[in-house]
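Let me begin by presenting the structure, written as structure tokens, before commenting on it.
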Amino acid sequence: MDENKTTEESELDPNTGIGVSSTSFNKSNRMYSGSASTSWNSDKFIHEIECLELAPEEVDKIRQYAQALKEKNITNESCPFRWINRQERKRLLPESVRKLSLSRAIQYKIAEIPTVEEIQDFTLALETSSKVVIVDETQKMIGFDDFLEILRKSPKRLLDIMEPGTLWGVSQESQDENGRMHTEIIVQYISLKCSLWRYRTMLARYDEDCIGCLSKKHLKEFMLDEVIPVTDHLKELKNEALDAYLLTVQSMFFFFMDQKNFGYCRIADILVSGFLENIFGMQCATDDPETYERVICENWFSYDKTAELRSLFKMLDDDEKGYLTKSDFSKVNDNAYTPACVDRFFEVHVANRGEKMSYEEFVIFMIAQNHLAHPASLAYFFKILDIHDKGYLTQFDLKYFYRSMKVAYEDYISIDSMPPFEDYCDELYDMTQSRNSKRIYLKDILNCKQGHDVVLCLLNCYEFYRYETLMYVRVAVHH
Numbered sequence: 001m002d003e004n005k006t007t008e009e010s011e012l013d014p015n016t017g018i019g020v021s022s023t024s025f026n027k028s029n030r031m032y033s034g035s036a037s038t039s040w041n042s043d044k045f046i047h048e049i050e051c052l053e054l055a056p057e058e059v060d061k062i063r064q065y066a067q068a069l070k071e072k073n074i075t076n077e078s079c080p081f082r083w084i085n086r087q088e089r090k091r092l093l094p095e096s097v098r099k100l101s102l103s104r105a106i107q108y109k110i111a112e113i114p115t116v117e118e119i120q121d122f123t124l125a126l127e128t129s130s131k132v133v134i135v136d137e138t139q140k141m142i143g144f145d146d147f148l149e150i151l152r153k154s155p156k157r158l159l160d161i162m163e164p165g166t167l168w169g170v171s172q173e174s175q176d177e178n179g180r181m182h183t184e185i186i187v188q189y190i191s192l193k194c195s196l197w198r199y200r201t202m203l204a205r206y207d208e209d210c211i212g213c214l215s216k217k218h219l220k221e222f223m224l225d226e227v228i229p230v231t232d233h234l235k236e237l238k239n240e241a242l243d244a245y246l247l248t249v250q251s252m253f254f255f256f257m258d259q260k261n262f263g264y265c266r267i268a269d270i271l272v273s274g275f276l277e278n279i280f281g282m283q284c285a286t287d288d289p290e291t292y293e294r295v296i297c298e299n300w301f302s303y304d305k306t307a308e309l310r311s312l313f314k315m316l317d318d319d320e321k322g323y324l325t326k327s328d329f330s331k332v333n334d335n336a337y338t339p340a341c342v343d344r345f346f347e348v349h350v351a352n353r354g355e356k357m358s359y360e361e362f363v364i365f366m367i368a369q370n371h372l373a374h375p376a377s378l379a380y381f382f383k384i385l386d387i388h389d390k391g392y393l394t395q396f397d398l399k400y401f402y403r404s405m406k407v408a409y410e411d412y413i414s415i416d417s418m419p420p421f422e423d424y425c426d427e428l429y430d431m432t433q434s435r436n437s438k439r440i441y442l443k444d445i446l447n448c449k450q451g452h453d454v455v456l457c458l459l460n461c462y463e464f465y466r467y468e469t470l471m472y473v474r475v476a477v478h479h
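Heads up: the sequence shown is residues 1 to 479, going by the working numbering.
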């Protein structure tokens, strides 16, 4: 299912669900056919898929694949199927077979995940064990050996997924001087890990090519099949509202996880992003009115956020063209962005010859603006600042934005004159720690911990005034 397979996973072909060795084939085949085999049998596999009503030429291709697989298995005892090119597998195996085989492999992995009842039984056994020591009257703690004793009485798949040695090794800061750990941490660990496995198998259903990635099409299918039907907050969405919501979700995923525009998000990145927790957490929030405002309205995966974006777009597009011009876009945040910023934004991030900003492009801009401290957002705005796409900013770039900032600053904010250009540059160089080179690279902005201030001081006149005022107050207090 993923390119970075464990030893056990590498014995299972992600395109056929067939084990390379007799042992792994037996393990998978027991679940799907109800019988065990002592060796890999290509004829048996052919028999199993004949029910798909394949054309004769498709069956011939499958026989070619099975024979090639068998030959590779003979010459490479530990062959993890990397000897057979993925494109070759895709050419020989019909889509129906690949989907069936992917489903088989996923079911095999699902069977390894402990059930909710098993986790509850383990939690009860842990909390009520006589081996648990009460510390400070409320904290329950248990030692490693005593924990293993309880775990050995649990189902084997719970022991496999727990990896107690790893848990104790990475959680040393949570242990007392006797090496005992809080039972609450153990319960949280197993719950989170099981959730991670469930998410992984859930996403794998939509990874049709078994490359460990999802396209926008696959992500949309995932949302329509797995999220919207089980979330009360989203069930009633139809037509334009549903399309707008899905576009917001896709934009969030691909803005942060496909910065090079490959058209795919890695499943591994999705799992660690926290996005799935935000998505599935919406259902819990709707059950508690007190947390609705805090969780739903602040959640970029709620429809409330999409409705807010749609409303703002329509307000800017006052003549209902369906797109934004430079004049429309300049009204964002009460004309906060300088004319130079608006011009560069349309040059860099707007299609249609930089004249008409689509709703999707507007959503991406709003995501970047509202997550400005994130590296993806800083890279997004750095492209605007880097006028000739050099990879760094020179005084020429700074002067270009300074001139526009000076006009906006003196016209709309303060009657006081803008700081001199030399002082302006020195402040930016100090913020990015690049005074000696006189060049500001993206890595400087990412590493300086003030990257968002650098961007705003170059593009947003109100934020520059706020920053200047803050610096003035700090200097006054210091003296």
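Yeah, the Cβ is synthetic: ideal placement off N, Cα and C, and Gly gets one too.
{"Item": "Measure the Cβ-Cβ separation of Ile119 and Ile190 and say whether it is below 8 Å.", "Value": "yes"}
{"Item": "Are the CB atoms of Val350 and Glu361 within a distance shorter than 8 Å?", "Value": "yes"}
{"Item": "Is the CB-CB distance between Ala376 and Gln450 below 8 Å?", "Value": "no"}
{"Item": "Would you tell me roughly how many angstroms separate the C-alpha atoms of Leu458 and Ser215, rounded to the nearest one?", "Value": "35 Å"}
{"Item": "Which residue wins for smallest C-alpha separation from Lys438, given the options Asp160, Leu446, Asp397 and Asp146?", "Value": "Asp397"}
{"Item": "Could you tell me the alpha carbon to alpha carbon distance between Leu224 and Val363, rounded to whole angstroms?", "Value": "20 Å"}
{"Item": "Helix, strand or coil for Asn29, going by three-state DSSP, please let me know.", "Value": "Caution is warranted here: a pLDDT of 32 is assigned to Asn29, below 50, making its placement in the model unreliable, and the coordinate value is therefore given only provisionally. Asn29 falls in the helix class under three-state DSSP."}
{"Item": "Pick helix, strand or coil for Arg266, following the three-state DSSP scheme.", "Value": "strand"}
{"Item": "Between the alpha carbons of Arg180 and Gly143, how many angstroms are there, rounded?", "Value": "4 Å"}
{"Item": "Looking at Ala379 and Leu470, is the spacing between their C-beta atoms short of 8 Å?", "Value": "no"}
{"Item": "What does a CB cutoff of less than 7 Å around Ala307 pick up in its chain, not counting 5 residues either side in sequence?", "Value": "none"}
{"Item": "With DSSP collapsed to three states, give me the class of Lys216.", "Value": "helix"}
{"Item": "Taking the alpha carbon of Ile267 as the reference point, which residue from Pro229, Leu312 and Arg198 has its own alpha carbon closest?", "Value": "Arg198"}
{"Item": "Under the three-state reduction of DSSP, which class applies to Lys140: helix, strand or coil?", "Value": "strand"}
{"Item": "Less than 8 Å between the CB atoms is what I'm expecting for Leu203 and Lys220, so what's the real figure, rounded?", "Value": "Rounded, the Cβ-Cβ distance is 13 Å, inconsistent with contact."}
{"Item": "Taking the straight line between their C-alpha atoms, what separation do you get for Leu192 and Tyr65?", "Value": "39 Å"}
{"Item": "What does a CB cutoff of less than 7 Å around Arg205 pick up in its chain, not counting 5 residues either side in sequence?", "Value": "Ile106"}
{"Item": "Can you give the beta carbon distance from Arg200 to Leu271, rounded, assuming they're within the 8 Å contact cut?", "Value": "6 Å"}
{"Item": "Over what stretch of residues does the beta strand (DSSP E) that includes Val455 continue unbroken?", "Value": "First-last for Val455: Gly451 to Leu459, but that is the alpha helix (DSSP H), not the beta strand (DSSP E)."}
{"Item": "Cutting at 6 Å between CB atoms, please list the residues of its own chain near Ile110, excluding the five before and the five after it.", "Value": "Thr201"}
{"Item": "Could you check how far apart the C-beta atoms of Thr325 and Lys356 are, in whole angstroms? I think they sit under 8 Å.", "Value": "7 Å"}
{"Item": "So Phe275 packs on Phe253, CB below 8 Å; how close in whole Å?", "Value": "7 Å"}
{"Item": "Reducing DSSP to helix, strand and coil, say where Gln175 ends up.", "Value": "strand"}
{"Item": "Provide the residue(s) that pair with Val332 in DSSP beta bridges, ordered along the chain.", "Value": "DSSP output for Val332 lists no bridge partner at all."}
{"Item": "Can you tell me which residues form a DSSP beta bridge with Leu203?", "Value": "According to DSSP, which records beta bridges pairwise, Leu203 is partnered with nothing at all."}
{"Item": "Identify whether Tyr323 lies in helix, strand or coil by the three-state DSSP scheme.", "Value": "coil"}
{"Item": "Quick one: what does DSSP say Met181 is sitting in, helix, strand or coil?", "Value": "strand"}
{"Item": "Determine whether the beta carbon atoms of His233 and Ser302 lie at a separation below 8 Å.", "Value": "yes"}
{"Item": "Go ahead and label Leu393 buried or exposed: buried means 16 or more other beta carbons lie within 10 angstroms of its beta carbon, across all protein chains shown.", "Value": "buried"}
{"Item": "Quick one: Cα of Pro94 to Cα of Glu226, how far?", "Value": "26 Å"}
{"Item": "For Cys461, which residues in the same chain have their Cβ closer than 7 Å to its Cβ, ignoring the five residues on either side in sequence?", "Value": "Ala336, Thr338, Met405, Ala408, Tyr409, Tyr412 and Ile413"}
{"Item": "Per DSSP, Ile440 forms a beta bridge with which residues?", "Value": "Leu393"}
{"Item": "At the level of alpha carbons, what is the spacing between Tyr70 and Leu92?", "Value": "Per the sequence shown, residue 70 should be read as Lys rather than Tyr. Whole-angstrom Cα-Cα distance: 15 Å."}
{"Item": "Since Val350 is in the alpha helix (DSSP H), which residue starts that stretch and which ends it?", "Value": "Per DSSP, Val350 belongs to no alpha helix (DSSP H) and is neither H nor E."}
{"Item": "Across which residues does DSSP place Tyr337 in a beta bridge pair?", "Value": "Asn460"}
{"Item": "State the CB to CB distance for the pair Ile134 and Val97, rounded to an integer number of angstroms; the pair is presumed to be in contact (CB under 8 Å).", "Value": "So it is not a contact: roughly 57 Å between Cβ atoms."}
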